[in-house]
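Asker: Residue numbers for the sequence shown follow this note's numbering, beginning at 1 and rising by one. Glycine included, each C-beta is placed from N, C-alpha and C at the ideal position.
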Amino acid sequence: MTTPRAARPEDAAELVRLRRLMFLAMNGRAEPGRWERNAEAVARRQLAGPDAPLTAFVVDGEADGPGADGPHLAACALGRIDERLPSPVNPTGRVGFVFNVCTDPRYRGRGYARAATQALVAWFARQGVGRIDLHATDAAEGLYRSLGFTEHAIPLSLKLGPRPDGADAAMGAAPATDAHAASGADAAAG
Numbered sequence: 001m002t003t004p005r006a007a008r009p010e011d012a013a014e015l016v017r018l019r020r021l022m023f024l025a026m027n028g029r030a031e032p033g034r035w036e037r038n039a040e041a042v043a044r045r046q047l048a049g050p051d052a053p054l055t056a057f058v059v060d061g062e063a064d065g066p067g068a069d070g071p072h073l074a075a076c077a078l079g080r081i082d083e084r085l086p087s088p089v090n091p092t093g094r095v096g097f098v099f100n101v102c103t104d105p106r107y108r109g110r111g112y113a114r115a116a117t118q119a120l121v122a123w124f125a126r127q128g129v130g131r132i133d134l135h136a137t138d139a140a141e142g143l144y145r146s147l148g149f150t151e152h153a154i155p156l157s158l159k160l161g162p163r164p165d166g167a168d169a170a171m172g173a174a175p176a177t178d179a180h181a182a183s184g185a186d187a188a189a190g
């Protein structure tokens, strides 16, 4: 049985490498860019300290042997805790979110993603989390269901910023065309 370990700040570059592989598996694209440097800096910062907001469990890859390329990660599961207002079904208000589970293709089929995810779920439980959310790909849905995850709600998202059709995503309306409309004067008058 594989025993995952807690990730450390020095694992940040490898966590980003696995994140890139996850994007490649999800949509066939993994464009390099500034996002990688930003993600590494955020991971390094957020994995530091006893009250770190980010946690990850990782499985180390084989550092030597055929095809080895030095120390690297074979798999990871990352998540964080969000504290919301408590509710009748979640009296602590603590909700875990799993946002990055990936196994390097060289190590797939060995149960590493399962082991890392189970370690993350156990950590969430020790932190008093009442519910764990995630967004599953078709390929990973079976894994998550086998761990007890079920459909909870219809996940919806709103991406802020300019949209290709020119509409303002934050308001769902066409962009303002003059200074009067942009100032919000119409809304104040109405």
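#1: Since R106 is in the beta strand (DSSP E), which residue starts that stretch and which ends it?
#2: Under the rule that 16 or more other beta-carbon atoms within 10 Å means buried, what is E14, buried or exposed?
#3: P4: buried (16+ other C-beta within 10 angstroms of its C-beta) or exposed?
#4: Measuring straight from C-alpha to C-alpha, what distance separates E151 and A75?
#5: Quick one: Cα of L24 to Cα of G93, how far?
#6: Measure the C-alpha to C-alpha separation of R20 and A30 and round it to an integer number of angstroms.
#7: So, with DSSP's three-state summary, where would you put A196?
#8: Since G79 sits in a beta bridge, which residues does DSSP pair it with?
#9: Can you name, in chain order, every residue of its own chain whose Cβ lies under 6 Å from the Cβ of L134, other than the five neighbours on each side?
#10: Please list the terminal residues of the continuous alpha helix (DSSP H) segment that includes R218.
#11: Are there 16 or more other CB atoms within 10 angstroms of the CB of V42, so buried, or fewer, so exposed?
#12: Taking L134 as part of the beta strand (DSSP E), name the residues at either end of that continuous run.
#13: In its own chain, which residues sit with a C-beta less than 6 Å from the C-beta of A12, not counting the 5 before and 5 after it?
Answerer: Taking the definition as stated:
#1: That residue, R106, is in no beta strand (DSSP E); it is neither H nor E in DSSP.
#2: buried
#3: With 16 or more Cβ atoms within 10 Å of its Cβ, P4 is classed as buried.
#4: 25 Å
#5: 34 Å
#6: 6 Å
#7: As displayed, the chain neither begins before 1 nor continues past 190, which places residue 196 out of reach and without an answer.
#8: G79 pairs with T55 and V98.
#9: V98
#10: Here the chain covers residues 1 to 190 and nothing more, so residue 218 does not appear.
#11: exposed
#12: R131 to L134
#13: E40, A43 and R44
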